[in-house]
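S.K.:
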């Protein structure tokens, strides 16, 4: 497949979280010939690559998607944090869009540098026999992380994938070389959406050829199981239901990641990062923290969280569901010096005590692949494939997840529209706050109304009655203005309506 080759506007020494503005990026940092000359150099590049994966794993990428969707409501004092995104008014100058775009391309740059460095050193035959399988695994990791970064860009800055139209819709600029240059005539134009996902799937194939790390609970590095989980996710998004079933169901059948059916253990997963059901949970520590989004939902010092979960999502959980007391808690919220109101806060990111001393920084290890998501993918893919017996399979798999979270639930198979709605509702509950909701609503291709706040009087007054139609332009984020200004090849390729 012919791919676009271009500059990566980044330094591998310092994470640069700005737009591709030509005045802001260094172009002559770390020439490929001197980037890596040994196995130890490749190890260092790999460390930087995982640092970047932590940045895009659970951060503003996930937060902005959740706030734009329907399940979180800002309180009256929220200070317009992510306000334009919440109100569905954000434009191409929105800084959050630039941050997400830049974070992903910085990650892609690091992957490209490692890939090309390894290929160069392999040609020079510099690796010891004992180092060769390790280096090959690094190569597989780089292809997978690059695919993850591209998928995040495609999910947010492109339309939902439809095989019938993807060849005529904009994808994203594809970069598979590390070739720093300040010559903007060499910057890439946008590929089609079909080409973008073909590129991602090719990276999945290359990752399969190289990645060898075996799956293990809460692995801090990518494994063959993480690759299967990602392949299933992409297959569902691209309506390749056979692959989605094959990849996700293989993880379920492996029994390596048993679902938690105990409230205390579920709390331990989200607070202390100790669990049986996480496929990949990236490493972090006090010395090397991951980004946090928990500080938008909790405030132990001033009792002034920014966003609260809606009444609707809270009420959607069954009474004996073990997730209720893990995801939510009552809190006295300060609206003024003398006024506090008891409301329910979102506690999925409570902060691991091992990540701080004294004041809570709300940092937890990024859980980028969980077995629960794979149950949901398998169930939805069976339902959507629609072959004989598929609806029965879909319900049975979904019931495994539901009964693990609520032992009192009765086995009562449903079909058709009722089953579809049940799958969607369970997906919303299980993955709430993890960054999936906006993409899910977009691919469902149905209008939505913002959910009911816990208190209308105490909530931010604008956009409470938001009703979003399927043709609203803001389902698709605009390419950041700085990118449009910097790259003449995409000057006329902005997303419609911006």
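In the working numbering, the protein residues as written are 727 to 1224.
Yeah, the Cβ is synthetic: ideal placement off N, Cα and C, and Gly gets one too.
As the structure is a prediction and not an experimental result, all values here were calculated from the model.
Is the beta carbon of residue 843 closer than 8 Å to that of residue 758?
M.R.: Between residue 758 and residue 843, the gap from beta carbon to beta carbon is short of 8 Å.
S.K.: Along the chain, where does the beta strand (DSSP E) containing residue 1062 start, and where does it finish?
M.R.: It spans 1054-1062 - the beta strand (DSSP E) in which residue 1062 sits, taken as one unbroken run.
S.K.: Taking only runs that begin and end inside the region 1115-1200, name each unbroken alpha helix (DSSP H) of 4 or more residues, in chain order.
M.R.: 1116-1131, 1142-1156 and 1163-1170
S.K.: Is it true that the region 1058-1069 meets the region 977-984, where meeting means three or more beta-carbon pairs spaced less than 8 Å apart?
M.R.: no
S.K.: Would you list, in sequence order, the uninterrupted alpha helix (DSSP H) runs of no fewer than 4 residues that lie entirely inside the region 950-1038?
M.R.: 950-963, 967-980 and 989-998
S.K.: Excluding five sequence neighbours on each side, which residues of the same chain lie with their C-beta closer than 6 Å to the C-beta of residue 919?
M.R.: Same-chain partners within the cutoff: 884, 892, 895 and 897.
S.K.: Can you say whether residue 1228 is buried or exposed, counting buried as having 16 or more other CB atoms within 10 angstroms of its CB?
M.R.: Only positions 727 to 1224 of the chain appear in the structure, and residue 1228 is not among them; the question remains open.
S.K.: Can you tell me whether residue 1057 is buried or exposed? The criterion is at least 16 other CB atoms within 10 Å of its CB, across all chains shown.
M.R.: buried
S.K.: Based on the DSSP output, what are the partners of residue 896 in its beta bridges?
M.R.: 918
S.K.: Given residue 779, which residues of its chain have a CB within under 6 Å of its CB, disregarding the five upstream and five downstream residues?
M.R.: Excluding its 5 nearest sequence neighbours in each direction, residue 779 has C-beta neighbours in its own chain below 6 Å: 871, listed in chain order.
S.K.: Taking only the alpha-carbon atoms, compute the straight-line gap between residue 946 and residue 1073 and give it to the nearest angstrom.
M.R.: 23 Å
S.K.: Among 1008, 788, 809 and 817, whose alpha-carbon lies nearest the alpha-carbon of residue 829?
M.R.: 788
S.K.: In chain order, what residues of the same chain have a beta carbon less than 8 Å from the beta carbon of residue 1178, not counting five sequence neighbours either side?
M.R.: 1036, 1037 and 1038
S.K.: From this set, 916, 1174 and 987, which residue's C-alpha is nearest residue 1219's C-alpha?
M.R.: 916
S.K.: Just checking, does the region 1004-1011 make contact with the region 1086-1100 on the three C-beta pairs under 8 Å criterion?
M.R.: yes
S.K.: Secondary structure at residue 1091, three-state DSSP: helix, strand or coil?
M.R.: coil
S.K.: Consult DSSP for residue 784 and reduce its assignment to one of helix, strand or coil.
M.R.: coil
S.K.: Express the C-alpha separation of residue 939 and residue 921 in angstroms, rounding to a whole number.
M.R.: 29 Å
S.K.: Tell me the DSSP bridge mates of residue 1072?
M.R.: 1054
S.K.: If you draw a straight line from the alpha carbon of residue 814 to that of residue 796, how long is it in whole angstroms?
M.R.: 11 Å
S.K.: Just the C-alpha distance for residue 838 and residue 1127, rounded to the nearest angstrom, thanks.
M.R.: 38 Å
S.K.: The beta strand (DSSP E) that contains residue 1204, what's its start and end?
M.R.: Segment: none, residue 1204 is in no beta strand (DSSP E) and carries neither H nor E.
S.K.: Taking the beta strand (DSSP E) that residue 799 belongs to, which residues open and close that run?
M.R.: 798-800
S.K.: Is the Cβ-Cβ distance between residue 800 and residue 1033 less than 8 Å?
M.R.: yes
S.K.: Buried or exposed for residue 794, please, with buried defined as at least 16 other CB atoms from any protein chain shown within 10 angstroms of its CB.
M.R.: buried
S.K.: Does the region 1094-1107 come close enough to the region 1016-1025 that 3 or more CB-CB pairs lie under 8 Å?
M.R.: no
S.K.: So the alpha helix (DSSP H) residue 827 belongs to, where does it begin and stop?
M.R.: Element bounds for residue 827: 821-849.
S.K.: Please return the same chain residues whose Cβ sits closer than 7 Å to the Cβ of residue 785, not counting the five positions on each side in sequence.
M.R.: 1017 and 1019
S.K.: Roughly how many angstroms separate the alpha carbons of residue 1148 and residue 1084, rounded to a whole number?
M.R.: Going by the C-alpha atoms only, they are around 43 Å apart.
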